[in-house]
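Student:
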Amino acid sequence: GENVEQHPSTLSVQEGDSAVIKCTYSDSASNYFPWYKQELGKRPQLIIDIRSNVGEKKDQRIAVTLNKTAKHFSLHITETQPEDSAVYFCAASKPSNTGKLIFGQGTTLQVKP
Amino acid sequence: KAGVTQTPRYLIKTRGQQVTLSCSPISGHRSVSWYQQTPGQGLQFLFEYFSETQRNKGNFPGRFSGRQFSNSRSEMNVSTLELGDSALYLCASSFIGLAEETQYFGPGTRLLVL
Numbered sequence: 184g185e186n187v188e189q190h191p192s193t194l195s196v197q198e199g200d201s202a203v204i205k206c207t208y209s210d211s212a213s214n215y216f217p218w219y220k221q222e223l224g225k226r227p228q229l230i231i232d233i234r235s236n237v238g239e240k241k242d243q244r245i246a247v248t249l250n251k252t253a254k255h256f257s258l259h260i261t262e263t264q265p266e267d268s269a270v271y272f273c274a275a276s277k278p279s280n281t282g283k284l285i286f287g288q289g290t291t292l293q294v295k296p
Numbered sequence: 012k013a014g015v016t017q018t019p020r021y022l023i024k025t026r027g028q029q030v031t032l033s034c035s036p037i038s039g040h041r042s043v044s045w046y047q048q049t050p051g052q053g054l055q056f057l058f059e060y061f062s063e064t065q066r067n068k069g070n071f072p073g074r075f076s077g078r079q080f081s082n083s084r085s086e087m088n089v090s091t092l093e094l095g096d097s098a099l100y101l102c103a104s105s106f107i108g109l110a111e112e113t114q115y116f117g118p119g120t121r122l123l124v125l
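Keeping their order, the protein sequence lines are chains A and B.
Mapping of the first sequence onto the working numbering: position 62 corresponds to residue 245, and the numbering continues sequentially without gaps.
Mapping of the second sequence onto the working numbering: position 112 corresponds to residue 123, and the numbering continues sequentially without gaps.
1. Return helix, strand or coil for residue 59(B), following the three-state DSSP convention.
2. Considering only C-alpha positions, which residue in the set 76(B), 107(B), 73(B) and 55(B) is nearest to residue 38(B)?
3. Can you check which of these residues, 185(A), 222(A) and 211(A), is closest to residue 289(A) by C-alpha distance?
4. Examine the Cβ distances between the region 72 to 80 of chain B and the region 244 to 260 of chain A and report whether three or more of them are shorter than 8 Å.
5. With distances taken Cα to Cα, identify the nearest neighbour of residue 46(B) among 63(B), 115(B) and 26(B).
6. Tell me residue 77(B)'s beta-bridge partners as DSSP assigns them.
7. Counting only beta-carbon atoms, is residue 238(A) nearer than 7 Å to chain B?
8. Does the beta carbon of residue 265(A) come closer than 7 Å to any beta carbon on chain B?
9. Looking at the structure shown, is residue 210(A) part of a helix, part of a strand, or coil, going by DSSP?
10. Which residue or residues does DSSP assign as beta-bridge partners of residue 195(A)?
11. Taking only the alpha-carbon atoms, compute the straight-line gap between residue 117(B) and residue 287(A) and give it to the nearest angstrom.
12. Within the same chain, show all residues whose beta-carbon is closer than 7 Å to that of residue 110(B), passing over the 5 residues directly before and after it, in chain order.
13. Name, please, each residue of chain A whose Cβ falls closer than 7 Å to the Cβ of residue 114(B).
14. Would you list, in chain order, the members of the region 89 to 102 of chain B that have their beta-carbon closer than 8 Å to a beta-carbon of chain A?
15. Is residue 39(B) close to chain A? Criterion is C-beta to C-beta, closer than 7 Å.
16. For residue 206(A) versus residue 187(A), is the C-beta spacing smaller than 7 Å?
17. Between residue 193(A) and the rest of its own chain, which residues show a CB-CB distance below 6 Å, the 5 nearest in sequence each way excluded?
18. Output the distance between the C-alpha atoms of residue 69(B) and residue 262(A), rounded to the nearest integer angstrom.
19. Can you tell me where the beta strand (DSSP E) holding residue 24(B) begins and where it ends?
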């Protein structure tokens, strides 16, 4: 069935270090992979996404890579800052499943000043 | 543009009662998806509505239902509430609900069932 595995569940880094969160999806028909950031008590907000025809995408300090063969995608945050502390969710969707995102379990990122 | 809005923001109900939650999508968005967020199960898809029709449904019991109005606003209803229904209920809107469209989330309705 449809499944997205996300690791690690918690991640603690020092300010200025890099953080990497990894996700694996099960359905090879998946073609869209967004990443959401959810701060405590707030709504999930899209930070970056990637489509299956692209291998990598960058936006300032954030990058996402996709390996379709391995059904694996990762979020990379460089030069982390305390305001990056939040829960990060990866997700996947496929054309036959309108409006449906399958989410990973989330990663709680703590950036220590 | 105004973002996705949800009302009410907080609800306390008792077991056996029913509840209706409301979601207003971003202007021009016609697809509304609903998700349940709990610490144990994470974010789980409930259903998606487009043009007043349920197009997709997750694995939730029939106690969970929804509808969409002609202005794209959506409601979800949970009948015969159980303790396990306590959760944050999030709705998200997108233009027409294609897999590659960004979904924009509302602030959620936090439901507590006692």
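Glycine included, C-beta positions come from ideal geometry on N, C-alpha and C.
Tutor: Result, derived from the coordinates:
1. Looking at residue 59(B) - three-state DSSP - the assignment turns out to be strand.
2. With respect to the C-alpha of residue 38(B), the residue from 76(B), 107(B), 73(B) and 55(B) having the closest C-alpha is 107(B).
3. Ranking the options by Cα distance to residue 289(A), first place goes to 222(A).
4. No: the two stretches stay apart, fewer than three of their Cβ pairs being nearer than 8 Å.
5. Here the closest residue by C-alpha is 115(B).
6. Paired residue(s): 87(B).
7. Interface annotation, residue 238(A): not in contact with chain B, CB-CB separation never under 7 Å.
8. Under the Cβ distance rule, residue 265(A) does not count among the residues neighbouring chain B, no pair being separated by less than 7 Å.
9. If DSSP states are grouped into helix, strand and coil, residue 210(A) belongs with coil.
10. Beta-bridge analysis with DSSP links residue 195(A) to 293(A).
11. Answer to the nearest angstrom: the Cα atoms are 19 Å apart.
12. So the list is empty, once near-sequence residues are dropped.
13. What residue 114(B) touches in chain A: 284.
14. Answer in chain order: 101.
15. For residue 39(B), no Cβ of chain A is located within less than 7 Å of the residue's own Cβ.
16. Remark: C-beta atoms of residue 206(A) and residue 187(A) approach each other more closely than 7 Å.
17. Taken in chain order, the residues that qualify are 291.
18. If you draw a straight line from the Cα of residue 69(B) to the Cα of residue 262(A), it is about 38 Å long.
19. Residue 24(B) -> beta strand (DSSP E) spans 21 to 24.
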